[in-house]
Ligand code: ADP
Ligand code: MG
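Numbering (the working numbering), first residue to last: 15 to 277.
Encoded structure:
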């Protein structure tokens with residue numbers, strides 16, 4: 015564990031002040047959208063590679079209530095990951111508007127968007143995306159340090175999350191020294207670190223052993239009970255069973271939205 019903080023507090027403070035200013039300027043808070051975790055309208059995302067243009071998200075409009083658990087399913091190449099990245103502010107659309115908790119994130123400057131993400135959306139990636147040179151503990155401390163939490167406090171928070179994930183004895187391990195399931199649990203702890211109101215997960219139980227997969231499913235059940243908004247791309251029947259709404263997605267479009275009343 016390095017003695018120095020990863021980012022100096024002064025830098026964080028300045029960056030937060032700057033982005034708050036930008037959020038006020040560009041991220042207009044609109045009352046009617048405030049009650050929703052997501053409101054998006056007519057989203058389009060194209061990828062241009064050489065002479066080829068792929069429309070990964072094709073005129074998608076969607077509303078997600080605060081506290082809902084949404085499952086997005088569909089075949090490989092349907093555009094699910096691209097849509098998830100747009101909804102969580104990891105990427106910006108070519109056109110269309112996204113409000114998250116009333117803040118317009120679709121055309122935010124990258125700097126403001128990264129601060130917004132830090133505090134509002136926790137991502138769990140399909141391939142974990144841990145920082146390879148940082149230990150489990152440091153990977154979890156990283157977003158805490160970026161949001162300005164002092165080192166002692168962030169260490170305590172990281173330790174609490176590691177214990178919750180059953181990984182307190184893997185604190186000093188680097189990602190390559192961890193199994194796939196352990197890496198995914200560290201990644202989930204990192205996503206939860208700043209206690210964001212929205213969690214986005216891209217096929218979080220794919221490629222995992224049965225035991226870890228069940229652990230992660232139970233965790234999502236618990237997160238749902240704590241009223242977080244959760245958006246999961248998955249084909250896992252157990253996770254689908256937790257959904258308040260199942261979105262079938264193909265060819266960049268929503269084919270069907272099924273509302274599950276009993277959840
Ligand atoms: P899914 O998650 O449903 O498998 P993706 O969102 O990953 O689908 O991809 C949708 C389409 O967009 C695919 O045809 C894919 O090849 C293309 N695509 C995804 N990411 C990129 C990228 N970074 N650059 C170019 N094309 C991409
Ligand atoms: Mg995908």
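We put the CB at the ideal spot given by N, CA and C, even for glycine.
- Between residue 226 and residue 78, the gap from beta carbon to beta carbon reaches 8 Å or more.
- Proximity of the beta carbon of residue 90 to the ligand ADP is indicated: a heavy atom of the ligand is located closer than 7 Å.
- Judged by DSSP secondary structure, residue 50 falls within the beta strand (DSSP E) whose first and last residues are 50–63.
- Listed in chain order, the non-local C-beta contacts of residue 88 below 7 Å within the same chain comprise 94, 262, 263 and 264, local neighbours out to five positions each way being set aside.
- Annotated three-state conformation of residue 134 is helix, per DSSP.
- At the C-beta level, residue 229 and residue 246 stay beyond 8 Å of one another.
- For the 8 Å CB-CB criterion, residue 131 and residue 104 form a contact.
- Under the criterion of beta carbons closer than 8 Å, residue 116 and residue 210 do not qualify as touching, at roughly 15 Å.
- For residue 87, the enclosing beta strand (DSSP E) starts and ends at 83–87.
- At least one heavy atom of the ligand MG falls within 7 Å of the beta-carbon of residue 94.
- Here the distance from the Cβ of residue 216 to the nearest heavy atom of the ligand MG is below 7 Å.
- Residue 203 sits close to residue 154, with the two beta carbons spaced by under 8 Å.
- Within 7 Å of the C-beta of residue 247 there is at least one heavy atom belonging to the ligand MG.
- The beta carbon of residue 100 sits closer than 7 Å to those of 57, 59, 71, 107 and 112, all from its chain and outside the five residues before and after it, given in chain order.
- Where residue 173 is concerned, the enclosing alpha helix (DSSP H) starts and stops at 165–178.
- The same chain holds no residue with a CB closer than 8 Å to that of residue 91 once the five nearest residues on each side in sequence are set aside.
- With distances taken between CA atoms, residue 172 lies nearest to 205 out of 109, 267, 221 and 205.
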